[in-house]
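So this note's numbering is basically just the index in the sequence shown, starting at one, shifted up by 2. Ideal Cβ positions, reconstructed from N, Cα and C, are used throughout, including at glycine. Report on one structure; see the data block that follows.
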Amino acid sequence: EPACADVPLCAARDRVRTGCELRDAMRARYVFLGSKTALLGPGFDGAARLDGCVEAERAIAREDEPLRFFDRMRGCLSAFQDGHLIVSSPVRLPQVALGVGLRRAGGHVVVAWRDAGLRALLGDAATDALPLGAEVTEVDGVPVEAAIAALAREVPGSSAAARRARAVEDLTRRDFAYPERRAATLTVAVAGGERRALTL
Numbered sequence: 003e004p005a006c007a008d009v010p011l012c013a014a015r016d017r018v019r020t021g022c023e024l025r026d027a028m029r030a031r032y033v034f035l036g037s038k039t040a041l042l043g044p045g046f047d048g049a050a051r052l053d054g055c056v057e058a059e060r061a062i063a064r065e066d067e068p069l070r071f072f073d074r075m076r077g078c079l080s081a082f083q084d085g086h087l088i089v090s091s092p093v094r095l096p097q098v099a100l101g102v103g104l105r106r107a108g109g110h111v112v113v114a115w116r117d118a119g120l121r122a123l124l125g126d127a128a129t130d131a132l133p134l135g136a137e138v139t140e141v142d143g144v145p146v147e148a149a150i151a152a153l154a155r156e157v158p159g160s161s162a163a164a165r166r167a168r169a170v171e172d173l174t175r176r177d178f179a180y181p182e183r184r185a186a187t188l189t190v191a192v193a194g195g196e197r198r199a200l201t202l
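Below, the structure is given as structure tokens:
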């Protein structure tokens, strides 16, 4: 498309062609395609899912950010709940990281580590607002469990537990899920029940 200049995967026809190639490869080579309904329940139709992903690209006339296309293809395949279905690109995708790692501990999501450079970037006061072990209660104003559930639908994994575990880690570190915002706000509960919000 002349209007797209040199933006890759901008034109609908290019994205639809790629989506069709993915769909056809899955039909030809994915041995579990026919059995996924039995595994995931009668509400899941793998062939219809792939067709729907192609049609979704056809409905988007122009895409100025190709990473969103990669996200949609990853989301398309994540519905198959198979950790072996991985969408990669010819070049390494950029990593988005907030410098804080989260883990699940004792039924809560807690700050597990902080990047050494975080203090240099934010200063002592901001870094101290995220003490190790502090419980994270919200991400961008959304309860943390709801944020985990939403992200878990987008990541590959052969079990719900595996997808949730990866989603916890990926709340602050992603090489997918193209962010709509350039910052994220974590709300944490610290000693005494005080809640603090820090935007990274």
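In DSSP terms, what residue i is bridged to
i, result
"valine 102", "Arg116"
"proline 145", "Glu140"
"leucine 24", "DSSP, once it has assigned bridges, lists no residue as partnering leucine 24."
Same chain, Cβ closer than 7 Å to residue i, neighbours up to 5 away in sequence not counted
i, result
"serine 91", "Phe72"
"arginine 176", "Val98"
"arginine 121", "Thr129"
"valine 160", "Note that residue 160 is serine in the sequence shown, not valine. Taken in chain order, the residues that qualify are Gln83, Asp84 and Gly85."
"isoleucine 88", "Pro158"
Neighbourhood of residue i by C-beta distance below 8 Å, restricted to the same chain and skipping five residues each side
i, result
"leucine 11", "Arg17, Thr20, Glu65, Pro68 and Phe71"
Which listed residue (the options) has its alpha carbon closest to that of residue i
i, options, result
"glutamate 3", "Ala63, Ala154, Tyr32 and Leu132", "Ala63"
"valine 146", "Val157, Asp172, Cys22 and Ala5", "Asp172"
"glutamate 59", "Arg25, Leu123 and Arg29", "Arg25"
"serine 80", "Glu156, Arg105 and Ala167", "Glu156"
"arginine 184", "Val190, Val192, Thr174 and Pro133", "Thr174"
"proline 133", "Thr189, Arg166, Phe178 and Gly109", "Thr189"
"threonine 139", "Val170, Pro181 and Arg31", "Val170"
Own chain, CB closer than 6 Å to residue i, minus 5 neighbours either side, in chain order
i, result
"alanine 13", "Glu3 and Cys6"
request  = Determine, using beta-carbon pairs with one atom in the stretch 148-162 and one in the stretch 182-198, whether at least three such pairs fall under 8 Å.
outcome  = Pairwise C-beta distances place the stretch 148-162 out of contact with the stretch 182-198, as fewer than three of them are shorter than 8 Å.
request  = Just list the alpha helix (DSSP H) runs in the stretch 147-176, keeping only unbroken ones of 4 residues or longer that don't cross its boundaries, in chain order.
outcome  = Counting only runs of 4 or more, we get 162-172.
task = Write down every uninterrupted run of the alpha helix (DSSP H) in the stretch 45-79 whose length is 4 residues or greater and which is fully enclosed by it, in chain order.
result = 48-60
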